[in-house]
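S.K.:
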């Protein structure tokens, strides 16, 4: 599905992502973990096209997408959510989601001026897609609420729905469980599983280890921009290099 | 539903639009004197430009400080073509719109490479460059002397637009057209793309929205609005000078937007009319009227950051959500929960962008 070859991103002398190669399989939950500043978000930005890599290549479904613009990558089927959920606060929840399907439509200024049939059809399509994804994330009961008034967890779900409205095949989730309580985290994890059951591949960054260990099929560990480990939750849990990165080695403790 | 709710619902109905149009049509008959009609017509012309600013700044979130400059470009294109080159008014009028669009495209392609404050500062400079060009390029613009004897819009022998009242109706027609187009844009998928960019560039791009293309389109739309308004202004005032490109006009328009409600449909009109008439009624204070204006604006920005119209719409949106909530609870207690159709989403959405 997604094949990363020797991906490197340097900011001046600092390599935020350094020579990372990995392959993510379709229909799996792939997690990226690592201490703060390990380069996880930069890695996501590279895959989503928000920044171009210094070296290396990214292959998505056999197509080279290295350095492609963000909006083109989104049209190819890679969607993402952000650490901080930004939505249009003054609109209703449903209203926020309609734009999510815009990339699958063709209407231009001229269609708007003459109110063409194409525009009307496409607006209907976007609206019904918004309703679908709202149902999917289990929020159809709050579609009419003003977005500023909904809870943090609901906002996270709306962000998921917005990503899903683009009809993605791969979804990148940047700390989906940040700032929500354990019970809500569990609910969000089942939503992520549900997404995978419906044929979406998920790739997520997360700090909550319990969630990752029970959720992920494959985990990649980044530290100082480098991939230090890769494997199943079980393998990662017992990997001494990973333990050292997180807890510090015995030498450090002695010093 | 109480009386307040009923009144607020009425504001959103087509009947309200009709009442506003009828009121505007009748205004010249009830106005005390010709001067009031003139002030109103001038306010309509400015409102058209403010609607343009609302597209790039209100919908798309890019603070364009060259807007007054494009207003002047429209005015000067019309004046130069009619006075110096003898073009008929309406041909020059179309040319003014086209020049606003073309120059807007060029300025937009360059300036929209910048974001946020940098974009605002850059466009402030663009506006100042426009002012300098108008002031110094004497062969083309007559420099500081300005251009006099600009013809009024041609009425094709049917109406005389040198008279105030006919011009008032002309300005009204153009303003209604501007609002109509602005509404079409704001409520369409295109407007939604613009608003997504306003939330955040990153988010919009991740939703597959081409940032540059959409921003340039919004910018060109706004400069076209500005130059059409400028051309109408030249045809109304019949004398223009470099002062039309003064940055003060841009900040006036921002004030109109803030007072009315940035990003809303009726905000630009409300803000323009309210401030224009407030200024008129405070004429007796002369320069001291800023003492009244300043605190008023501060209070407004602190307590109603979304302007008068924006605050109304948010309040109404909350009411609608609450009404749906109670309706849902009632139906749930009666039988199985079912989707509530009493207030359709369509209705509510109109509330959000009206």
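Chains as they are written, first to last, in my numbering: chain W, 2 to 256; chain S, -4 to 349.
For every residue, glycine included, the Cβ atom is placed at its ideal position computed from N, Cα and C.
These figures come from a predicted structure and were not determined experimentally.
1. Please decide whether residue 50 (chain W) counts as near chain S, where near means a Cβ-Cβ distance under 9 angstroms.
2. In this structure, does DSSP put residue 125 (chain W) in helix, strand or coil?
3. Can at least three beta-carbon pairs, one atom from the stretch 190 to 208 of chain W and one from the stretch 225 to 243 of chain W, be found at a separation below 8 angstroms?
4. Enumerated in chain order, which unbroken segments of the alpha helix (DSSP H) with a length of 4 residues or greater are wholly contained in the stretch 32 to 89 of chain S?
5. Is residue 136 (chain W) buried or exposed, if buried means 16 or more other CB atoms sit within 10 Å of its CB?
6. Using a Cβ-Cβ cut-off of 6 angstroms (strictly less than) and excluding sequence neighbours within five positions of residue 340 (chain S), which residues of its own chain qualify?
7. With DSSP as the reference, label residue 332 (chain S) as helix, strand or coil.
8. Suppose you measure from the CA of residue 229 (chain S) to the CA of residue 68 (chain S); what does that come to, to the nearest Å?
9. Step through the CB atoms of chain W and report whether any lies within less than 9 angstroms of the CB of residue 108 (chain S).
10. Anything in chain S within Cβ reach of residue 116 (chain W), meaning under 9 angstroms, just list it in chain order.
11. Any beta-carbon of chain W closer than 9 angstroms to the one on residue 172 (chain S)?
12. Could you tell me whether the Cβ of residue 44 (chain W) comes closer than 9 angstroms to any Cβ of chain S?
13. From residue 99 (chain S) to residue 91 (chain W), what distance separates their C-alpha atoms?
14. Between which two residues does the beta strand (DSSP E) carrying residue 227 (chain W) extend?
15. Measure the alpha-carbon distance for residue 141 (chain W) versus residue 165 (chain W) and round it to whole angstroms.
16. From residue 127 (chain S) to residue 139 (chain S), what does the alpha carbon distance come to, in whole angstroms?
17. At a CB-CB cut-off below 7 angstroms, which residues of chain W make contact with residue 319 (chain S)?
18. Starting from residue 25 (chain W), follow the beta strand (DSSP E) in both directions and report where the run begins and ends.
19. Residue 4 (chain S) lies in the beta strand (DSSP E); which residues open and close that run?
20. Anything in the stretch 102 to 131 of chain S with a Cβ closer than 9 angstroms to a Cβ of chain W? List those residues in chain order, please.
21. Taking contact to mean at least 3 C-beta pairs separated by less than 8 angstroms, is the stretch 207 to 221 of chain S in contact with the stretch 75 to 87 of chain S?
22. For chain W, find out if any of its Cβ atoms is closer than 9 angstroms to the Cβ of residue 3 (chain S); answer yes or no.
23. Using three-state DSSP, classify residue 244 (chain W) as helix, strand or coil.
24. Indicate whether the contact test is met: 3 or more Cβ pairs, each with one atom in the stretch 212 to 219 of chain S and one in the stretch 13 to 27 of chain S, closer than 8 angstroms.
25. Could you give the first and the last residue of the continuous alpha helix (DSSP H) run that contains residue 191 (chain W)?
26. Check the Cβ of residue 75 (chain W) against every Cβ in chain S and list those closer than 9 angstroms, keeping chain order.
27. Tell me which residue opens and which closes the alpha helix (DSSP H) that residue 7 (chain W) is part of.
28. Please report the straight-line C-alpha distance between residue 57 (chain S) and residue 210 (chain W), rounded to a whole angstrom.
29. Within the chosen definition, does the stretch 293 to 303 of chain S reach the stretch 114 to 131 of chain W through at least 3 CB pairs nearer than 8 angstroms?
30. Using DSSP bridges, identify the partner residues of residue 167 (chain S).
31. Please check the pair residue 38 (chain S) and residue 267 (chain S), which I expect to be a contact at CB under 8 angstroms, by giving their CB distance rounded to whole angstroms.
32. If you measure from the CB of residue 216 (chain W), is any heavy atom of the ligand NAD nearer than 8 angstroms?
33. Taking Cβ positions only, does residue 81 (chain W) come closer than 9 angstroms to chain S?
34. Among all the DSSP beta bridges, which residues are the ones paired with residue 220 (chain W)?
35. For residue 65 (chain W), which three-state DSSP category applies?
36. May I ask which residues mark the beginning and end of the alpha helix (DSSP H) holding residue 128 (chain S)?
M.R.: For this structure:
1. Chain S, which has a Cβ nearer than 9 angstroms to the Cβ of residue 50 (chain W), makes this yes.
2. In this structure, residue 125 (chain W) counts as helix in the three-state DSSP scheme.
3. Counting Cβ pairs under 8 angstroms, fewer than three are found: no touch.
4. 62 to 74, all fully within the stretch 32 to 89 of chain S.
5. It counts as exposed.
6. The predicted model places residue 340 (chain S) with a pLDDT of 44, which falls under 50 and marks its position as unreliable; any figure quoted below should be read in that light. Excluding its 5 nearest sequence neighbours in each direction, residue 340 (chain S) has no C-beta neighbour in its own chain below 6 angstroms.
7. Reliability of the predicted coordinates at residue 332 (chain S) is poor, the pLDDT of 46 falling under 50, and no value is obtained from them.
8. Roughly 11 angstroms between the two C-alpha positions.
9. Output row for residue 108 (chain S): interface = no.
10. Per Cβ cutoff of 9 angstroms: 179, 183.
11. Residue 172 (chain S) does not count as touching chain W.
12. No - not a single Cβ of chain S is within 9 angstroms of the one on residue 44 (chain W).
13. The straight-line gap from Cα to Cα measures roughly 30 angstroms.
14. Element bounds for residue 227 (chain W): 227 to 232.
15. One C-alpha to the other measures close to 15 angstroms.
16. Spanning the two alpha carbons is a distance of roughly 10 angstroms.
17. Those within 7 angstroms of residue 319 (chain S) in chain W are 145.
18. First-last of the beta strand (DSSP E) with residue 25 (chain W): 15 to 25.
19. For residue 4 (chain S), there is no enclosing beta strand (DSSP E); the enclosing alpha helix (DSSP H) has its first and last residue at -2 to 6.
20. Against chain W - using a Cβ distance shorter than 9 angstroms - the stretch 102 to 131 of chain S contributes no residues.
21. Touching, no, given that fewer than three Cβ pairs across the two stretches are closer than 8 angstroms.
22. No, residue 3 (chain S) does not count as interfacial toward chain W.
23. Residue state, collapsed to three classes: helix.
24. In the pairwise beta carbon analysis, the stretch 212 to 219 of chain S is classified as not touching the stretch 13 to 27 of chain S: fewer than three pairs are separated by under 8 angstroms.
25. Where residue 191 (chain W) is concerned, the enclosing alpha helix (DSSP H) stretches over 183 to 198.
26. Near residue 75 (chain W) (Cβ distances below 9 angstroms), the residues of chain S are 200, 201, 202, 203, 204.
27. Element bounds for residue 7 (chain W): not the alpha helix (DSSP H) but the beta strand (DSSP E), 3 to 12.
28. Cα to Cα, the separation comes out at about 41 angstroms.
29. Contact fails: fewer than three Cβ-Cβ distances are below 8 angstroms.
30. According to DSSP, residue 167 (chain S) bridges with nothing at all.
31. Confirmed, Cβ separation roughly 5 angstroms.
32. Ligands displayed in this structure: none; no statement on the ligand NAD is therefore possible.
33. Output row for residue 81 (chain W): interface = yes.
34. DSSP output for residue 220 (chain W) lists W:32, W:232 as bridge partner(s).
35. Strand, per DSSP.
36. Here the alpha helix (DSSP H) through residue 128 (chain S) covers 111 to 131.
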